[in-house]
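Encoded as structure tokens, the structure appears first; notes follow it.
Numbering (this note's numbering), first residue to last: 113 to 293.
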């Protein structure tokens, strides 16, 4: 009989749920993965601007899940954008928590056209800005801006999957990450 692992994802977005399910299935192939998405408030604007706001949004979602649900792991992903010295970019923060440890990870940057970033500063969400620019519908629950801007060689899900894969390291090697000297 396989052990069941309960994963709560702080979003109902299928892209985020699939990314979480993928990494737990990869790391725990002997387990039955029960991965459920719940509506968890980010406590930040719908389109976070800046790394801190984006990270805090993901942490708030995980903390909400921990408070209101029972699971082995809690996972949240928050996409944001920032104007860096070298140009505008979008990225995501991921947070994984197992009630003993909370790990924060971050995706790589996707350079954003300045005109699209400027629309975010006016209060629009990246998914909506991309839908207008590329004449798509609800792209944020599909390949996202990443899919559109890379001609689908990368997707929103692949980016979350990579960031979550890396963020799992402290859970896989707690004895190393627990050492301080």
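Note that the Cβ used here is the ideal one computed from N, Cα and C, for glycine as well.
Model, not experiment: these values are computed from the prediction.
So which of the options has the shortest CA-CA distance to residue i?
| i | options | result |
| --- | --- | --- |
| residue 128 | 287, 275 and 232 | 275 |
| residue 227 | 236, 220, 221 and 219 | 236 |
| residue 130 | 285, 273 and 284 | 273 |
| residue 212 | 183, 195, 201 and 229 | 183 |
Can you tell me whether residue i is buried or exposed, with buried defined as 16 or more other CB within 10 angstroms of its CB?
| i | result |
| --- | --- |
| residue 193 | buried |
| residue 135 | buried |
| residue 290 | exposed |
| residue 145 | buried |
| residue 197 | exposed |
| residue 249 | exposed |
| residue 287 | exposed |
| residue 292 | exposed |
For residue i, which residues from the same chain have a beta carbon less than 7 Å from its beta carbon, with the 5 sequence-adjacent residues on both sides left out?
| i | result |
| --- | --- |
| residue 140 | 117 |
| residue 296 | Outside the displayed range of the chain (113 to 293) lies residue 296, so it cannot be described from this structure. |
| residue 154 | 169, 172, 173 and 190 |
Below 6 Å CB to CB, which residues in the same chain sit around residue i once its five sequence neighbours on both sides are set aside?
| i | result |
| --- | --- |
| residue 138 | none |
| residue 188 | 122, 170, 173, 174 and 207 |
| residue 132 | 119, 121, 147 and 187 |
| residue 215 | 208, 279 and 282 |
| residue 271 | 219 and 258 |
| residue 181 | 120 |
| residue 266 | 258 |
| residue 251 | 239, 242 and 243 |
Assuming residue i contacts residue j (C-beta within less than 8 Å), just tell me the rounded distance between them.
| i | j | result |
| --- | --- | --- |
| residue 238 | residue 191 | 7 Å |
| residue 223 | residue 255 | No, residue 223 and residue 255 are not in contact; Cβ-Cβ is about 17 Å, not under 8 Å. |
| residue 257 | residue 242 | 5 Å |
| residue 166 | residue 160 | 4 Å |
| residue 246 | residue 221 | The pair is not a contact, with the Cβ atoms about 20 Å apart (cut-off 8 Å). |
Would you mind stating whether residue i and residue j have Cβ atoms separated by less than 7 Å?
| i | j | result |
| --- | --- | --- |
| residue 151 | residue 124 | yes |
| residue 176 | residue 210 | no |
Output needed for residue i: all residues of its chain with C-beta closer than 8 Å, excluding positions within five of it in sequence on either side, in chain order.
| i | result |
| --- | --- |
| residue 142 | 114 and 115 |
| residue 217 | 205, 206, 207, 208, 275, 276, 278 and 279 |
| residue 264 | 255 |
Any Cβ of chain D within less than 7 Å of the Cβ of residue i?
| i | result |
| --- | --- |
| residue 115 | This model lacks chain D altogether, as it is built from one protein chain only. |
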